[in-house]
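I have placed the structure first, in the form of C-alpha cells, so that the comments after it can refer back to it.
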Amino acid sequence: MSHGMAQDVPPIIRHVRVGSGYDIVVDWGGLGHLADYLDQLHLPRRVFLIADNNLARLYGETVMEQLRQGGYEPLSYIIPAGEASKSQQQLNALYDWLLEQHAERREALIALGGGVIGDLVGFAAATYLRGVPLIQVPTSLLAQVDSAIGGKTGINHPRGKNLIGAFYHPRLVLADPATLLTLPPRERTEGWAEVVKYGIILDAELFTQLEEHAQSLCDFSNPSPALLCQIIARCIALKVAIIEEDERDQGRRAILNYGHTIGHAIENVAGYGEWLHGEAVSLGMVVAAALAQEAGMFAAEEAARQNALLAALGLPTRYRGSIPVAALLDATRLDKKVAGKRIHWIMPRRIGEVVVTPMPDELVERVVTEFFAQVPEIP
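Position in the sequence shown (first residue = 1) + 9 = my numbering.
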C-alpha cells in the first residue's frame with residue numbers, strides 16, 4: 010500500500026495540556042515527514058535515533074536518510090527486540106552510548122518502535138542529564154493507542170513489570186498507522202486488546218464501531234487508512250482526557266488498568282514473552298467481565314459481546330497454558346495497583362462504563378480458579 014493512497018487522510022492532531030504541553034499526531038505516512046515535524050520543535054540538529062533490530066531493518070536507513078536530507082545529524086543505536094530489553098543492562102548500555110557520543114542536554118532522543126523501545130528510551134530520556142527532549146514514534150498498535158501516550162516510562166525489575174520508572178512527557182508523539190502494515194500479525198493483533206478496553210471503559214460508540222468493522226480490522230488485508238487513523242486518534246483522545254485529569258495515576262487514571270490486574274499477573278508468572286501484553290490483557294478482560302457478571306454488576310449478554318469482539322479481532326479469550334492458579338493469585342496481590350492491601354478491581358457496569366471497587370476474595374479466587382482450571386478441549 011503506497012503512501013499515495015492515503016494522501017486524502019489529513020493528520021489528526023491532539024494537543025496534550027500536561028507539563029509544558031505537546032502534540033500527538035496521527036498521520037498515515039507521517040514517518041516520511043519526521044524531519045518536518047521536528048522542525049516545529051526548534052531542536053539542535055544532532056538527534057539520537059534509537060530503535061530495535063526489527064525496526065532498524067525495516068525503517069532505519071530510510072529515516073536516517075530523511076533526517077539527513079532535512080538538515081539533521083542523526084546518530085543511531087540499535088537494541089535487541091523483545092520485552093527482555095526493558096532491563097537495567099540495556100538502560101546502562103544506552104547511557105554508555107549517549108555518554109560516548111557526548112549527548113547534550115538539549116539534544117533529542119527519538120524512540121522508534123513499540124512499547125519496549127518507548128518505555129526504555131523514555132526512561133533514559135527522563136534520567137540522562139536529569140532529562141533531555143524525547144520524541145516518541147510508536148510503531149505498534151499497542152504503543153500508538155496506549156503505551157506511548159501519557160508519559161509513563163520505565164523498565165522491568167526481576168520482581169515485576171514496570172517497577173522502575175518515571176513520569177516523563179515527550180515533546181512530540183508521532184503515530185504513523187502505516188507502520189502497522191509491516192508488523193507481524195501477532196504483534197499487530199495484541200494492540201486491539203487496548204482498543205477494546207477503551208470501548209468498555211469509556212466509549213460504547215467506539216465499541217460498536219469495532220464490532221461493525223472487526224473482520225477488516227483483524228485481517229488487515231486492505232485496511233482503510235481513514236478508519237484506522239480515526240480509531241487510533243479516538244483512543245488517544247480518550248486516554249489524553251483522562252491523563253489531563255489525573256496525570257500521576259492517583260485516581261481516575263486507574264480505569265485504564267481494566268483487564269490489567271490479571272493481565273500483569275499472567276505476564277509475570279508465565280515469564281515475559283510467553284504471552285504478549287495485549288494477549289494477557291485480553292484474558293484479563295475476560296476474567297474481569299466474568300467477575301463483574303458473577304457479582305451481578307454486568308449483564309451476561311454484555312460480557313458475551315466483549316468476549317465475542319476480542320475473539321473476532323484475533324485475541325485469546327481462553328487460557329491455554331500451565332500456570333498454577335495459586336501463583337496467579339499471589340501475583341495479583343503483588344501487582345503495584347494494590348492499595349492498602351486491597352486490590353481495587355476495575356469492573357464493567359455496562360459497555361462504556363466501569364467502576365473501581367474492591368471485590369470479595371472468595372469470589373475472585375473462585376472465578377480465577379474456574380477460568381484457569383479450564384481444560385482446553387482438543388481442537
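From the three backbone atoms N, C-alpha and C, an ideal C-beta is built for every residue, glycine too.
Are residue i and residue j touching if we call contact CB-CB under 8 Å?
i       : j       : result
Phe-216 : Leu-118 : no
Gln-145 : Val-182 : yes
Gly-293 : Gly-268 : yes
Cys-244 : Val-296 : no
Ala-187 : Ile-33  : no
Arg-115 : Leu-43  : no
Leu-143 : Arg-180 : yes
Leu-129 : Ile-164 : yes
Glu-311 : Arg-359 : yes
Val-154 : Gly-200 : yes
Pro-367 : Arg-351 : yes
Ala-242 : Arg-23  : yes
Gly-28  : His-273 : no
Can you give me the start and stop residues for the alpha helix (DSSP H) that residue i sits inside?
i       : result
Lys-170 : Counting along the chain, Lys-170 falls outside any alpha helix (DSSP H), though it belongs to the beta strand (DSSP E) covering 169-176.
Gly-155 : At residue 155 the sequence reads Asp, which differs from the Gly that was named. Looking at the DSSP string, Asp-155 is not in any alpha helix (DSSP H), and its letter there is neither H nor E.
Glu-362 : Here Glu-362 belongs to no alpha helix (DSSP H); instead the beta strand (DSSP E) covers 362-367.
His-286 : 286-303
Asn-231 : First-last for Asn-231: undefined, no H or E at that position.
Ala-93  : Per DSSP, Ala-93 belongs to no alpha helix (DSSP H) and is neither H nor E.
Tyr-46  : 43-48
For residue i, does the count of other Cβ atoms within 10 angstroms reach 16, so buried, or fall short, so exposed?
i       : result
Leu-40  : buried
Val-364 : exposed
Ser-11  : Bear in mind that a pLDDT of 40 at Ser-11, under 50, signals an unreliable position, so the model cannot answer this.
Leu-138 : exposed
Ser-156 : buried
Ile-59  : buried
Pro-19  : exposed
Leu-50  : exposed
Gly-30  : exposed
Ala-335 : exposed
Ala-90  : buried
Arg-327 : exposed
Ser-94  : buried
With residue i as the anchor, note down where its beta strand (DSSP E) starts and where it stops.
i       : result
Asp-185 : Per DSSP, Asp-185 belongs to no beta strand (DSSP E) and is neither H nor E.
Phe-132 : Here Phe-132 belongs to no beta strand (DSSP E); instead the alpha helix (DSSP H) covers 124-136.
Gln-145 : 143-147
Val-35  : 31-35
Val-56  : 55-61
Glu-82  : 82-88
Pro-357 : 353-359
Lys-206 : Premise fails: Lys-206 lies in the alpha helix (DSSP H), 194-211, not in any beta strand (DSSP E).
Ile-164 : 161-166
Less than 7 Å between the CB of residue i and some heavy atom of the ligand FAD, yes or no?
i       : result
His-111 : With respect to small molecules bound, the structure shown includes none, and the ligand FAD cannot be examined in it.
Please report the distance separating the alpha-carbon of residue i from that of residue j.
i       : j       : result
Leu-84  : Gln-110 : 9 Å
Asn-171 : Gly-123 : 15 Å
Ala-133 : Ile-88  : 13 Å
Arg-54  : Ala-65  : 21 Å
Ala-279 : Ile-332 : 7 Å
Ala-120 : Leu-237 : 22 Å
Gly-13  : Leu-47  : For Gly-13, the predicted structure reports a pLDDT of 43, less than 50, and the residue's modelled location is therefore unreliable. A value from the coordinates is still provided. Taking the straight line from one Cα to the other gives about 22 Å.
Arg-375 : Glu-214 : 33 Å
Arg-257 : Val-141 : 20 Å
Ala-202 : Leu-319 : 7 Å
His-222 : Ile-251 : 26 Å
Lys-248 : Ala-299 : 25 Å
Gln-224 : Ala-301 : 28 Å
Leu-324 : Leu-372 : 25 Å
Leu-103 : Gly-282 : 22 Å
Thr-191 : Ala-304 : 42 Å
Cys-227 : Glu-70  : 30 Å
Tyr-81  : Gly-361 : 45 Å
Ala-127 : Ala-152 : Position check: residue 127 holds Gly in this sequence, whereas Ala was assumed. Straight-line Cα distance between these residues: approximately 8 Å.
Quick one: grab the DSSP three-state call for residue i.
i       : result
Thr-389 : This structure cannot speak to residue 389, because the chain is shown only from 10 to 388.
Arg-180 : coil
Val-373 : helix
His-24  : strand
His-222 : helix
Asn-266 : helix
Ala-120 : strand
Val-249 : helix
Phe-381 : helix
Val-278 : helix
Arg-257 : coil
Val-113 : Per the sequence shown, the amino acid found at residue 113 is Glu instead of Val. Here Glu-113 sits in coil by DSSP.
Gln-4   : Outside the modelled stretch of the chain, which goes from 10 to 388, sits residue 4, for which no answer is possible.
Met-73  : helix
Gly-39  : helix
Leu-151 : helix
Ala-336 : helix
Strictly under 8 Å for the Cβ-Cβ distance: is residue i near chain D by that measure?
i       : result
Thr-366 : The structure shown has no chain D; it contains just one protein chain.
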